[in-house]
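Chemist: First the structure, which I've put down as structure tokens, then a few questions once you've had a look.
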Amino acid sequence: MQISRDTISGLFLLGLSIVIYLQSLSFPMLPEGYPGPSLFPQILALSLGLLGLGLCVSSLREKPEETFKTSLQKGSSTGWGRILGAMATVALYPLAYPYLTPLQSSLGIPFNPMIGVLGLCLFLLALIAKVPLRAALLASVGGPVLVYVIFTQLLGVAL
């Protein structure tokens with residue numbers, strides 16, 4: 001039996017979700033039942049775990065078009081370019097922070113400019129994943145707005 005790429009990806013997501021969840025258990029708990037710093041990582045871990053499980057289940061139901069072994073043998077350069085592009089985009093987010101925070105205070109911007117960088121990163125990741133332009137634009141605007149509303153309005157955390 002050969003393992004499909006989706007099965008490998010699903011198992012990776014499941015493993016990653018377990019690691020994230022176990023790490024989040026070491027975060028401090030807030031008094032009186034308020035959500036603490038572990039809430040977001042635990043939601044992320046649960047989401048990744050469900051996606052990984054879904055990917056594993058769907059890969060078992062369908063006959064794999066390409067196995068993990070044959071995809072490694074092909075060595076697609078466009079696949080590696082997309083992976084490296086996604087990694088560079090994710091690295092952009094924390095690298096931009098030291099430069100944007102002083103800019104925020106000097107310009108008197110009332111919100112954290114990292115929200116804008118998040119939108120840019122989401123847009124680039126959507127383009128790398130070959131998402132249609134409308135959906136990429138929607139994600140790049142809707143994602144940061146959702147993050148802003150969840151943290152500032154629902155959780156009362158200043159960004």
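So in my numbering, the last spot in the sequence shown is 159, and the numbers never skip.
The beta-carbon is built from N, C-alpha and C at its ideal position, and this holds for glycine as well.
#1: What are the boundary residues of the alpha helix (DSSP H) that Gln-23 is part of?
#2: Can you tell me the Cα-Cα spacing of Leu-107 and Ser-47, whole angstroms?
#3: For Ala-45, which residues of its own chain have a beta-carbon under 6 angstroms away from its beta-carbon, when the five flanking residues on both sides are left out?
#4: Please list, in chain order, all residues of the same chain as Ile-128 whose beta carbon is under 6 angstroms from its beta carbon, the five residues on each side excluded.
#5: Assuming Gly-15 contacts Pro-28 under a Cβ cut-off of 8 angstroms, what Cβ separation, rounded to an integer in Å, is found between them?
#6: Please state whether DSSP places Ala-88 in a helix, a strand or coil.
#7: Give a yes or no on whether 9 angstroms exceeds the smallest Cβ distance from Pro-132 to chain C.
#8: Go ahead and pull the three-state DSSP assignment for Leu-155.
#9: With burial defined as no fewer than 16 other Cβ atoms inside 10 Å of the residue's Cβ, what is the status of Leu-118: buried or exposed?
#10: Go ahead and label Ser-105 buried or exposed: buried means 16 or more other beta carbons lie within 10 angstroms of its beta carbon, across all protein chains shown.
#11: Determine, using beta carbons only, whether Gly-10 and Leu-51 come nearer to each other than 9 angstroms.
Modeler: Here's the rundown:
#1: As a working mapping, residue 23 is identified with position 23 in the sequence shown. Its alpha helix (DSSP H) spans residues 5-24.
#2: One-based indexing of the sequence shown puts residue 107 at position 107. One-based indexing of the sequence shown puts residue 47 at position 47. If you take the alpha carbons of Leu-107 and Ser-47, they lie about 37 angstroms apart.
#3: Numbered from its first residue, the sequence shown carries residue 45 at position 45. Correct list, in chain order: Ser-17, Ile-20, Tyr-21.
#4: Working through the sequence shown from its first residue, we reach residue 128 at position 128. Result list for Ile-128: Arg-82, Gly-85, Ala-86, in chain order.
#5: The residue given as residue 15 occupies position 15 in the sequence shown. The residue given as residue 28 occupies position 28 in the sequence shown. Not really, about 25 angstroms apart at Cβ, beyond 8 angstroms.
#6: Position 88 of the sequence shown, counted from the first residue, corresponds to residue 88. It is helical.
#7: Protein chain content of the structure displayed is limited to a single chain, and chain C is not contained in it.
#8: Position 155 of the sequence shown holds residue 155. Leu-155 falls in the coil class under three-state DSSP.
#9: Within the sequence shown, the letter at position 118 stands for residue 118. By the neighbour-count rule (16 or more Cβ atoms within 10 Å), Leu-118 is buried.
#10: For the purposes of this step, residue 105 is identified with residue 105 of the sequence shown, where counting begins at 1. Result: exposed.
#11: On the sequence shown, position 10 is the one that residue 10 refers to. On the sequence shown, position 51 is the one that residue 51 refers to. Going by C-beta atoms, Gly-10 is nearer than 9 angstroms to Leu-51.
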